[in-house]
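Below is one structure, written out as structure tokens, with a few remarks after it.
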Amino acid sequence: MRLQISLSLLMLASGLQVIAQTPKLSVNVPANMKQFVTKGYEVLDITKGDLNRDAYTDAVMVLYKKGEEKTSNVIDNPEKRPLLILLGQANKTYKIANRSDNAVYCVDCGGQMGDPFTGITIKNGYFSVEHYGGSGQRWTRIITFKYNPAAKNWLLHKDGHEYFRATEPEKVESKIETVKNFGKVPFEKFNIYKER
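According to mature numbering (1 follows the signal peptide of the UniProt record, and there is no 0), the residues represented by the sequence shown are -20 to -1, 1 to 176, in order.
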């Protein structure tokens, strides 16, 4: 029985490592968005939704530098991953509304779990950047921005962290900061690499 449990845990652990090291999947970039892909970069993720509460479909595009896994150094020189806010237009094109190079963690910021970026979620003028990483000590971080019509910009709305040990996933420590903690922080001023 003990051997079977140990084998199962070993297979699970090695499976997680394989998943964490899986190469990036190619993202199909629509023709009306290709102009936003900077030379030397590729698209990590495109998520569509309503970012500014109008009648048009918007998008968040996350880019990564080709070869980032070889050049990024989490301590001294993390390869930044640009996040672009693209607003849908009446003529089915997009225009760039904002950009941040400090809203998405680098490829090696996830520790032994590998690339920590797990995706973007968009809903009714909010969007969240989601991460998961660690090793024996696992963590998640979800950063949410909310559209502010008066400012015509997205402001930091919530920054949530969870921590747990891989051996005790039911014992989760949570920390959620809101506007009450950090005040008004425009999207382009937020820096995921700096502790507040």
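We put the CB at the ideal spot given by N, CA and C, even for glycine.
C-alpha gap between Thr51 and Pro96, whole angstroms | Within the sequence shown, numbered from 1, the residue matching residue 51 stands at position 71. Within the sequence shown, numbered from 1, the residue matching residue 96 stands at position 116. Straight-line Cα distance between these residues: approximately 17 Å.
Could you check the C-alpha separation between Asn8 and Tyr44 for me, to the nearest Å?
-> Position 28 of the sequence shown, counted from the start, is the residue given in the question as residue 8. Position 64 of the sequence shown, counted from the start, is the residue given in the question as residue 44. Within the model, the alpha-carbon separation for Asn8 versus Tyr44 is close to 15 Å.
For Gly18, the nearest candidate out of Thr37, Phe167, Leu64 (CA to CA) | Counting from 1 along the sequence shown, the entry for residue 18 is found at position 38. The amino acid occupying residue 18 in the given sequence is Thr; Gly does not appear at that position. When each option's Cα is compared against that of Thr18, the closest is Leu64.
Have a look at Val152 and Asp139 and give me their C-alpha separation to the nearest angstrom.
-> Translated into positions along the sequence shown, residue 152 becomes position 172. Translated into positions along the sequence shown, residue 139 becomes position 159. Approximately 16 Å between the Cα atoms of the pair.
Consult DSSP for Glu175 and reduce its assignment to one of helix, strand or coil.
-> Counted from its first residue, the sequence shown places residue 175 at position 195. The three-state secondary structure of Glu175, taken from DSSP, is coil.
Just to confirm, are Asn32 and Tyr112 a CB contact at a threshold of 7 Å?
-> Residue numbering aside, residue 32 sits at position 52 when the sequence shown is read from its first letter. Residue numbering aside, residue 112 sits at position 132 when the sequence shown is read from its first letter. Taking C-beta atoms as the reference points, Asn32 and Tyr112 fail to come closer than 7 Å.
Using 8 Å as the Cβ pair cut-off and three pairs as the minimum, do the stretch 160 to 168 and the stretch 74 to 84 touch?
-> Between the stretch 160 to 168 and the stretch 74 to 84, the count of C-beta pairs closer than 8 Å reaches three or more; the two stretches touch.
Nearest neighbour of Gly47, chosen from Ile55, Glu59, Gly105 [CA to CA] = The residue labelled residue 47 in the question sits at position 67 within the sequence shown. Checked all of Ile55, Glu59, Gly105; the closest Cα to Gly47 is Glu59.
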